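Protein chains: 2
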Amino acid sequence: MVRWKPGARERLQAAALERFAAQGFDGTTVAEIAATAGLTERTFFRHFADKREVLFAGQDEFERLFLAGIEEAAGSDPMAIVAAALEGATAFFPDERRAWSRARQRVIDADPGLQERELLKLSGLATAMTDGLRRRGVDPTAAALAAESGVAVFRVGFATWIGEGEERPLAEVLRAVLAELRTLVTTPQA
Amino acid sequence: MVRWKPGARERLQAAALERFAAQGFDGTTVAEIAATAGLTERTFFRHFADKREVLFAGQDEFERLFLAGIEEAAGSDPMAIVAAALEGATAFFPDERRAWSRARQRVIDADPGLQERELLKLSGLATAMTDGLRRRGVDPTAAALAAESGVAVFRVGFATWIGEGEERPLAEVLRAVLAELRTLVTTPQA
Numbered sequence: 061m062v063r064w065k066p067g068a069r070e071r072l073q074a075a076a077l078e079r080f081a082a083q084g085f086d087g088t089t090v091a092e093i094a095a096t097a098g099l100t101e102r103t104f105f106r107h108f109a110d111k112r113e114v115l116f117a118g119q120d121e122f123e124r125l126f127l128a129g130i131e132e133a134a135g136s137d138p139m140a141i142v143a144a145a146l147e148g149a150t151a152f153f154p155d156e157r158r159a160w161s162r163a164r165q166r167v168i169d170a171d172p173g174l175q176e177r178e179l180l181k182l183s184g185l186a187t188a189m190t191d192g193l194r195r196r197g198v199d200p201t202a203a204a205l206a207a208e209s210g211v212a213v214f215r216v217g218f219a220t221w222i223g224e225g226e227e228r229p230l231a232e233v234l235r236a237v238l239a240e241l242r243t244l245v246t247t248p249q250a
Numbered sequence: 061m062v063r064w065k066p067g068a069r070e071r072l073q074a075a076a077l078e079r080f081a082a083q084g085f086d087g088t089t090v091a092e093i094a095a096t097a098g099l100t101e102r103t104f105f106r107h108f109a110d111k112r113e114v115l116f117a118g119q120d121e122f123e124r125l126f127l128a129g130i131e132e133a134a135g136s137d138p139m140a141i142v143a144a145a146l147e148g149a150t151a152f153f154p155d156e157r158r159a160w161s162r163a164r165q166r167v168i169d170a171d172p173g174l175q176e177r178e179l180l181k182l183s184g185l186a187t188a189m190t191d192g193l194r195r196r197g198v199d200p201t202a203a204a205l206a207a208e209s210g211v212a213v214f215r216v217g218f219a220t221w222i223g224e225g226e227e228r229p230l231a232e233v234l235r236a237v238l239a240e241l242r243t244l245v246t247t248p249q250a
């Protein structure tokens, strides 16, 4: 994959976001996306099952990377495993991807059906992380809590990363959010 | 409301759960629920908009109680506010309700559409909690993290509470889960 001459897949993704932003997700057809990219519908369907897949295909790869991190992280402390997996998965979101992620989020925020899909996927990720931690011998309650906390840190951190004016890399933002969670949870309760 | 002679609403809820458990959520009609309760469909619709509402009406009340807790809790520490709101909302789940909650969960776990609805409601609760914390002056990142952590503690604690053989009251379970989150998050990262 050569950055300065994006392939069909990247052109289709850029064209889809452009159309979704201009005329809404529901108001855009695959034919229009393909035409905007200067490609055929047939090519579109070689890369994506449908127009929604353009927005979520990347997320699948990210989830696989994240879950592989849960399997491979060193040590046995559940939050250390989750933190290592988060850190590893940030490789999927280099700074070059920030503008695309920001535009994608605007499309999703404008469509309740896409928001639901996003929520369900993140919830599925938490369940898969819980299973991964349990396979590593973490007890069920700790596994569920560490997984849910990890997803919460990712959600809050990702929203910060794509915020207007934010320039820190995602890994740095996630470390800061994790530190903030630690402070929040350990402040002596009144 | 007199416990030993439940009213129409309670009879309809019990009848609905019985039917859903026996023949599935999709395979049950409002007419059957009403007949099982010895009441008319007309009475059913005075209490619930549809059969799904039988499972989720209580959740609405619980959410209002929870959010009122966010508004009214003393102090300014975000997690202390969330912990106080959790504690207050447990009044909604006395031990007498445990068997009903357990049966309800089995119905929901058996139906992907109901699972989605449950997830979306909990996600909406996290968003509403975040807004409530922000109105109390908590900064956006801390508000989102405290809200998401609170919902995670509730989910994990509630699943524990309805587990077979569990006998501790919900408030006690939630305190234990919150303490476990504190331990998890503060264990020195390797």
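Chains as they are written, first to last, in the working numbering: chain Y, 61 to 250; chain C, 61 to 250. Where a beta carbon is used, it is the ideal one built from N, C-alpha and C, also for glycine. Predicted, not measured: the structure shown is a model, and the values here were computed from it.
Fill in: Burial state of Y:R106 (16 or more Cβ within 10 Å)
Translated into positions along the first sequence, residue 106 of chain Y becomes position 46. Exposed: under 16 other Cβ atoms inside 10 Å.
Worksheet item: Going by the CB atoms, is the gap between Y:V211 and Y:A231 shorter than 7 Å?
Response: Within the first sequence, numbered from 1, the residue matching residue 231 of chain Y stands at position 171. Within the first sequence, numbered from 1, the residue matching residue 211 of chain Y stands at position 151. In this structure, Y:V211 does not lie closer than 7 Å to Y:A231 by Cβ.
Worksheet item: Looking at C:A75 and C:T100, is the spacing between their C-beta atoms short of 7 Å?
Response: For the purposes of this step, residue 100 of chain C is identified with residue 40 of the second sequence, where counting begins at 1. For the purposes of this step, residue 75 of chain C is identified with residue 15 of the second sequence, where counting begins at 1. No, the Cβ-Cβ distance between C:T100 and C:A75 is not below 7 Å.
Worksheet item: Cα-Cα, which of C:R79, C:A203, C:Q165 and C:P172 is closest to C:A140?
Response: Within the second sequence, the letter at position 80 stands for residue 140 of chain C. Nearest C-alpha to C:A140: C:A203.
Discussion item. Against C:L244, what residues of chain Y qualify as contacts under a CB-to-CB distance less than 7 Å, listed in chain order?
Written reply: Against the second sequence, residue 244 of chain C aligns to sequence position 184. Result: P138, M139, A202, L205 and A206.
Fill in: Assumed close pair C:S209, Y:L241 - CB separation to whole angstroms, cut-off 8 Å
In the second sequence, counting from the first residue as 1, residue 209 of chain C sits at position 149. In the first sequence, counting from the first residue as 1, residue 241 of chain Y sits at position 181. Indeed, because the Cβ distance is near 7 Å, the residues count as touching under 8 Å.
Discussion item. Can you give me the C-alpha to C-alpha distance between C:P154 and C:G223, rounded to a whole angstrom?
Written reply: Sequence index remark: in the second sequence, residue 154 of chain C carries index 94 (1-based). Sequence index remark: in the second sequence, residue 223 of chain C carries index 163 (1-based). For C:P154 and C:G223, the gap between their C-alpha atoms comes out near 15 Å.
Item to complete: Keeping to the same chain, check which residues put their C-beta closer than 8 Å to that of C:A250; ignore five residues upstream and five downstream.
Response: Mapped onto the second sequence, residue 250 of chain C falls at position 190. With a pLDDT of 47 at C:A250, under the threshold of 50, the predicted position of this residue should be treated as unreliable, though the coordinate-derived value follows. If we look at C:A250 and ignore the five residues flanking it on each side, it has no Cβ neighbours.
Discussion item. Would C:L146 and C:G192 qualify as a contact pair, given that the criterion is a beta-carbon distance under 7 Å?
Written reply: Numbered from 1 along the second sequence, position 86 holds the residue referred to as residue 146 of chain C. Numbered from 1 along the second sequence, position 132 holds the residue referred to as residue 192 of chain C. No, these two residues do not count as a Cβ contact at 7 Å.
Worksheet entry | Spatial distance of Y:T103 from Y:A68 (CA atoms) | Working through the first sequence from its first residue, we reach residue 103 of chain Y at position 43. Working through the first sequence from its first residue, we reach residue 68 of chain Y at position 8. In a straight line, the C-alpha of Y:T103 is about 8 Å away from that of Y:A68.
Discussion item. Any beta carbon of chain Y sitting closer than 7 Å to that of C:S183?
Written reply: Along the second sequence, read from residue 1 onward, the residue named residue 183 of chain C stands at position 123. Yes - at least one Cβ of chain Y is within 7 Å of the one on C:S183.
Worksheet item: Should C:P172 go down as buried or exposed, given a rule of 16 or more other Cβ atoms within 10 Å for buried?
Response: Stepping through the second sequence from its first residue, residue 172 of chain C is reached at position 112. Counting Cβ neighbours within 10 Å, C:P172 comes out exposed, since fewer than 16 surround it.
Fill in: Reduced DSSP category for C:G98 - H, G, I as helix; E, B as strand; rest coil
Numbered from its first residue, the second sequence carries residue 98 of chain C at position 38. It is coil, neither helix nor strand.
Worksheet item: C:R137 by DSSP, collapsed to three states: which one?
Response: Here residue 137 of chain C is taken as the residue at index 77 of the second sequence, counted from 1. Here residue 137 of chain C is Asp; the residue named in the question, Arg, does not match the sequence. Collapsing the DSSP output to three states places C:D137 in coil.
Worksheet item: alpha helix (DSSP H) containing Y:F218: first to last residue?
Response: Here residue 218 of chain Y refers to the residue found at position 158 of the first sequence. Taken as a continuous stretch (DSSP letters only), the alpha helix (DSSP H) holding Y:F218 covers P200 to W221.
Discussion item. Taking the alpha helix (DSSP H) that C:R124 belongs to, which residues open and close that run?
Written reply: For the purposes of this step, residue 124 of chain C is identified with residue 64 of the second sequence, where counting begins at 1. From DSSP, the alpha helix (DSSP H) with C:R124 extends over K111 to E132.
Discussion item. Measuring straight from C-alpha to C-alpha, what distance separates Y:F122 and Y:E70?
Written reply: Residue 122 of chain Y sits at position 62 when you count from the first residue of the first sequence. Residue 70 of chain Y sits at position 10 when you count from the first residue of the first sequence. Going from the Cα of Y:F122 to the Cα of Y:E70 covers about 16 Å.
Discussion item. Along the chain, where does the alpha helix (DSSP H) containing C:E156 start, and where does it finish?
Written reply: Counted from its first residue, the second sequence places residue 156 of chain C at position 96. C:E156 -> no alpha helix (DSSP H), and no H or E assigned at all.
Item to complete: With distances taken Cα to Cα, identify the nearest neighbour of Y:L205 among Y:I93, Y:T246, Y:A82 and Y:M189.
Response: Here the question's residue 205 of chain Y lines up with position 145 in the first sequence. Of the candidates Y:I93, Y:T246, Y:A82 and Y:M189, the one whose C-alpha sits nearest the C-alpha of Y:L205 is Y:M189.
Worksheet item: Taking 7 Å as the CB-CB cut-off, is C:L179 touching chain D?
Response: Within the model displayed, chain D is absent; protein chains Y and C are what it includes.
Worksheet item: What's the call for Y:E183, buried or exposed, on a 16-neighbour Cβ count within 10 Å?
Response: Counting from one through the first sequence, the residue named residue 183 of chain Y turns up at place 123. Reading off the sequence shown, one finds Ser at residue 183 of chain Y, where the question assumed Glu. Y:S183 is buried by the Cβ-count criterion.
Item to complete: Go ahead and label C:T150 buried or exposed: buried means 16 or more other beta carbons lie within 10 angstroms of its beta carbon, across all protein chains shown.
Response: For the purposes of this step, residue 150 of chain C is taken as residue 90 along the second sequence, with counting starting at 1. A residue is called buried once 16 or more other Cβ atoms fall within 10 Å of its Cβ, and C:T150 is buried on that count.
Worksheet item: What is the C-beta distance between Y:F108 and Y:L72, in whole angstroms, given that I count them as a contact (C-beta under 8 Å)?
Response: By one-based count along the first sequence, residue 108 of chain Y stands at place 48. By one-based count along the first sequence, residue 72 of chain Y stands at place 12. Y:F108 to Y:L72, Cβ: 7 Å. Contact.
Fill in: Residue-chain proximity (Y:A257, chain C), Cβ-Cβ < 7 Å
Here chain Y comprises residues numbered 61 to 250, so residue 257 of chain Y is not present and cannot be evaluated.
Practice prompt. Take Y:V56 and list the residues in its own chain whose beta-carbon comes closer than 6 Å to its own, dropping the five residues that flank it on each side.
Written response: Nothing can be reported for residue 56 of chain Y, as the shown portion of chain Y is limited to 61 through 250.
Fill in: Proximal residues to Y:M61 (C-beta, below 7 Å), its chain only, five neighbours per side dropped
In the first sequence, the residue the question calls residue 61 of chain Y occupies position 1. In this prediction, Y:M61 has a pLDDT of 41, which is less than 50 and means its spatial position is unreliable; nothing more can be read from the coordinates.
Discussion item. For Y:R157 and C:T247, I'd like the C-alpha separation in whole angstroms.
Written reply: Residue numbering aside, residue 157 of chain Y sits at position 97 when the first sequence is read from its first letter. Residue numbering aside, residue 247 of chain C sits at position 187 when the second sequence is read from its first letter. Roughly 33 Å between the two C-alpha positions.
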